[in-house]
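Participant: Note that full-length UniProt numbering has the sequence shown beginning at 1, numbered continuously upward.
Note that beta-carbon positions come from the ideal geometry of N, C-alpha and C, so glycine has one too.
Could you have a look at this structure, given as structure tokens, before my questions?
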Amino acid sequence: VALFNDISLRKENEQEMWLQTNFDTLTGLANRYHYNSKLDQEMIRATADNKRLAICFIDLDRFKSVNDTLGHNSGDLLLLEAGKRLKACMRSSDVVARLGGDEFALLLPGINTLADIERLAKKALLALNSSFKIGEQDVFVSGSMGITIFPDDGAERKILLRNADSAMYKAKAQGRNCFEFFTSGLHEQATARSKLENALHKALSNNEFTVYFQPIISHDKKKVGCEALLRWHSAELGDVSPAQFIPVCEELGLIIAIGEWVLREACREAAKWCSCFGEQFFVTVNMSSVQFIRQDIEALVKSVLQETQLSAQCLTLEITETLLADNSSNILQQLQALRATGVGLAIDDFGTGYSSLSYLKRFPLSKLKIDREFIKDLPDDLEDCAMVSAIISMASNLQLKVVAEGVETSAQLAFLNALNCDYIQGFLYSKPLPAALFDQYIREFIAGQNNK
């Protein structure tokens with residue numbers, strides 16, 4: 001009896017160890033080790049049967065936001081439910097795995113056509129796109145999926161996994177909640193992305209970032225300010241466009257440290273100009289929605305203002321319509337607390353995102369910035385003329401100041417002046433300048449106005 005019990009206990013321990021080695025403890029799905037083992041087996045079988053095999057990587061969109069806002073327990077519940085939904089919509093022969101974090105993977109054997117893969121991919125994404133009930137809240141996420149095919153795209157596991165990952169990033173870049181098949185060009189893109197990420201991790205400590213300042217001039221030219229704009233000259237990559245590196249910073253979480261640095265640098269420089277020109281001068285600083293979700297922005301701003309001795313009335317934070325679309329009470333509370341300190345709040349690129357008139361009523365805003373897309377064809381494009389005129393009129397009635405971005409011609413300026421647009425920003429006045437050149441520009445501009 002003792003011997004029988006010993007054998008049973010040993011087998012139970014072996015079974016427990018096998019489960020821990022091969023399956024994810026949270027979702028019960030295959031883990032990365034088991035997925036890789038099954039992939040090796042299915043590659044052999046597909047070769048013997050002259051069949052195709054699809055390898056799919058899925059990353060949950062906006063999961064970090066859920067985790068940061070609702071907490072890790074809620075995040076775990078979402079991952080558990082996402083795993084159940086994926087498992088439920090796949091065939092019995094398919095493998096559904098959680099690779100770690102918010103990354104899942106599918107292994108689809110016995111595939112004959114691309115249409116078969118697309119049908120299963122659509123089912124998976126549709127399952128993830130329905131609301132998740134987490135506690136008392138309805139949470140919405142989606143999935144970005146990358147797909148590669150054996151043997152078409154590669155004959156080695158390492159290559160196929162890399163291909164699926166590259167295709168998944170392409171899906172994210174395409175707007176998320178979609179799938180993309182691997183193509184040969186994606187490898188080069190993935191290599192470039194990897195170089196960009198590696199360089200970004202070192203950029204702040206290597207002092208590769210610079211803050212530039214672009215003038216913002218009031219309608220009557222009596223009030224002057226600037227927008228602080230981040231520029232990056234990489235030792236490895238040269239000059240890199242903000243449109244290229246800032247979204248990557250947000251994905252990697254680097255925007256937290258970089259955003260703090262930009263705010264501090266901008267306020268430090270602006271404090272000098274405010275001491276010279278008084279509170280007619282102001283600086284606007286872009287804030288990422290990631291910073292609002294993952295940081296105490298009110299505490300950060302108060303700390304920086306105290307450190308730099310910049311008056312709160314001289315600082316405006318630019319936020320995106322995407323942040324307002326989040327529509328959470330937490331975001332509203334943060335914005336109200338910031339406005340209570342005297343800091344201004346502006347919607348950047350108004351009209352290009354999730355524009356809603358309800359935002360203008362609900363959130364404590366002080367400025368709208370009209371995107372350059374509506375400005376560039378003024379005054380020739382009648383639709384743009386009507387749009388800009390309507391925005392300025394509406395903002396005026398709501399006691400909001402308006403900044404027109406991307407003003408480049410005297411004809412555009414004349415049209416905007418006729419509408420009493422509050423502020424003008426663009427190459428007509430100046431391109432973005434490093435601090436020393438901006439200092440020279442602003443002194444000359446104010447001296448010129450005083451001599452009139």
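Are at least three pairs of beta-carbons, each pair with one atom in the region 196-211 and one in the region 411-428, less than 8 angstroms apart?
Facilitator: Judged by pairs of C-beta atoms under 8 angstroms, the region 196-211 does not touch the region 411-428, as fewer than three such pairs exist.
Participant: Based on Cα-Cα distance, which residue from L196, R85, E251, L230 lies nearest to D61?
Facilitator: For the purposes of this step, residue 61 is identified with residue 61 of the sequence shown, where counting begins at 1. Cα-wise, what sits closest to D61 is E251.
Participant: Using three-state DSSP, classify S311 as helix, strand or coil.
Facilitator: Within the sequence shown, residue 311 is the residue found at index 311, counting from 1. Reduced to three states, the DSSP call for S311 is coil.
Participant: Whole angstroms is fine: what's the gap from C385's alpha carbon to D371's?
Facilitator: Counting from one through the sequence shown, the residue named residue 385 turns up at place 385. Counting from one through the sequence shown, the residue named residue 371 turns up at place 371. In a straight line, the C-alpha of C385 is about 13 angstroms away from that of D371.
Participant: Drop a sphere of 10 angstroms on the beta-carbon of Q334, count the other beta-carbons inside from all chains shown, and report buried for 16 or more, exposed for fewer.
Facilitator: As a working mapping, residue 334 is identified with position 334 in the sequence shown. Buried, because 16 or more other Cβ atoms sit within 10 Å of the Cβ of Q334.
Participant: In the region 265-340, which residue ranges form an unbroken beta strand (DSSP E) of at least 3 residues, counting only runs that do not cross its ends?
Facilitator: 281-286, 315-319
Participant: Can you tell me whether P434 is buried or exposed? The criterion is at least 16 other CB atoms within 10 Å of its CB, across all chains shown.
Facilitator: Within the sequence shown, the letter at position 434 stands for residue 434. With fewer than 16 other Cβ atoms within 10 Å, it is exposed.
Participant: L368 and residue 472 - do their beta-carbons sit closer together than 7 angstroms?
Facilitator: There is simply no residue 472 to check, as the chain begins at 1 and stops at 452 in what is shown.
Participant: Okay, do the region 312-325 and the region 281-292 touch, 3+ Cβ pairs below 8 angstroms being the bar?
Facilitator: yes
Participant: Run through the DSSP bridge pairs and tell me what E103 is partnered with.
Facilitator: Sequence index remark: in the sequence shown, residue 103 carries index 103 (1-based). Per DSSP, D59, G100.
Participant: Can you tell me whether L70 is helix, strand or coil according to DSSP?
Facilitator: For the purposes of this step, residue 70 is identified with residue 70 of the sequence shown, where counting begins at 1. Reduced to three states, the DSSP call for L70 is helix.
Participant: For K367, does the three-state DSSP call read helix, strand or coil?
Facilitator: Walking along the sequence shown from the start, residue 367 turns up at place 367. K367 falls in the strand class under three-state DSSP.
Participant: Is the distance from the Cβ of C226 to the Cβ of I217 below 7 angstroms?
Facilitator: By 1-based counting over the sequence shown, the position of residue 226 is 226. By 1-based counting over the sequence shown, the position of residue 217 is 217. In this structure, I217 does not lie closer than 7 angstroms to C226 by Cβ.
Participant: Taking C-beta to C-beta, are G146 and A121 nearer than 7 angstroms?
Facilitator: On the sequence shown, residue 146 is found 146 positions in, with the first residue counted as 1. On the sequence shown, residue 121 is found 121 positions in, with the first residue counted as 1. Taking 7 angstroms as the Cβ cut-off, G146 and A121 do not qualify as a contacting pair.
Participant: For Q239, write down the residues that DSSP places opposite it in a beta bridge.
Facilitator: Within the sequence shown, numbered from 1, the residue matching residue 239 stands at position 239. Looking at the sequence shown, residue 239 is not Gln but Asp. D239 is bridged to H233.
Participant: What do you reckon, are the CB atoms on F182 and D153 nearer than 7 angstroms?
Facilitator: Along the sequence shown, one-based indexing puts residue 182 at 182. Along the sequence shown, one-based indexing puts residue 153 at 153. It is a contact, given that the beta carbons lie within the stated cut-off.
Participant: For I217, does the three-state DSSP call read helix, strand or coil?
Facilitator: On the sequence shown, position 217 is the one that residue 217 refers to. Residue state, collapsed to three classes: strand.
Participant: Counting pairs of Cβ atoms below 8 angstroms between the region 18-29 and the region 95-113, do you hit three or more?
Facilitator: yes
Participant: Over the uninterrupted alpha helix (DSSP H) stretch that includes D439, give me the two end residues.
Facilitator: Locating residue 439 in the sequence shown gives position 439, where the first residue counts as 1. Start and end: 435-450.
Participant: Just checking, does the region 230-249 make contact with the region 181-199 on the three C-beta pairs under 8 angstroms criterion?
Facilitator: yes
Participant: Is the region 380-399 touching the region 416-433 in the sense that three or more CB pairs, one from each, lie closer than 8 angstroms?
Facilitator: Yes, since at least three Cβ pairs between the region 416-433 and the region 380-399 fall closer than 8 angstroms, the two stretches touch.
Participant: Here's a check: name, in chain order, each residue in its chain whose Cβ is nearer than 6 angstroms to the Cβ of R264, leaving out the five neighbours to either side.
Facilitator: Translated into positions along the sequence shown, residue 264 becomes position 264. A distance below 6 angstroms between beta-carbons, with the five flanking residues on each side excluded, links R264 to the following residues of its chain, in chain order: V304.
Participant: I'd like the list of long-range same chain contacts for S366, defined as Cβ closer than 8 angstroms, with 5 residues on each side in sequence excluded.
Facilitator: Taking the sequence shown and counting its residues from 1, one reaches residue 366 at position 366. The answer, listed in chain order, is T316, R339, G344, L345, A346, L400, K401.
Participant: If you drop the 5 nearest sequence neighbours on each side, which residues of the same chain put their C-beta closer than 6 angstroms to that of N286?
Facilitator: Against the sequence shown, residue 286 aligns to sequence position 286. These residues qualify, in order along the chain: E318.
Participant: Quick check: the Cα distance between C56 and H187, rounded to an integer number of angstroms?
Facilitator: Start at 1 with the first residue of the sequence shown, and residue 56 comes out as number 56. Start at 1 with the first residue of the sequence shown, and residue 187 comes out as number 187. Going from the Cα of C56 to the Cα of H187 covers about 16 angstroms.
Participant: Give the C-beta separation of Q363 and L324 to the nearest angstrom, bearing in mind that I take them to be a contact with Cβ-Cβ under 8 angstroms.
Facilitator: For the purposes of this step, residue 363 is taken as residue 363 along the sequence shown, with counting starting at 1. For the purposes of this step, residue 324 is taken as residue 324 along the sequence shown, with counting starting at 1. Before going further, note that residue 363 is Phe rather than Gln in the sequence given. Yes, F363 and L324 are in contact; Cβ-Cβ is about 6 angstroms, under 8 angstroms.
Participant: Thinking just about the alpha-carbon of each residue, which of F374, L106, C274 is nearest to the one in K87?
Facilitator: Here residue 87 refers to the residue found at position 87 of the sequence shown. Residue L106 is the option with its Cα nearest to K87.
Participant: Anyone know if the C-beta pair for A441 and S430 falls short of 7 angstroms?
Facilitator: As a first step, residue 441 must be located in the sequence shown, where it is residue number 441. As a first step, residue 430 must be located in the sequence shown, where it is residue number 430. It is worth fixing the name first, because residue 441 is Tyr in this sequence and not Ala. Against a cut-off of 7 angstroms, the Cβ pair of S430 and Y441 comes out as a contact.
Participant: Among all the DSSP beta bridges, which residues are the ones paired with K401?
Facilitator: Here residue 401 corresponds to residue number 401 of the sequence shown, with the count starting at 1. K401 pairs with K367.
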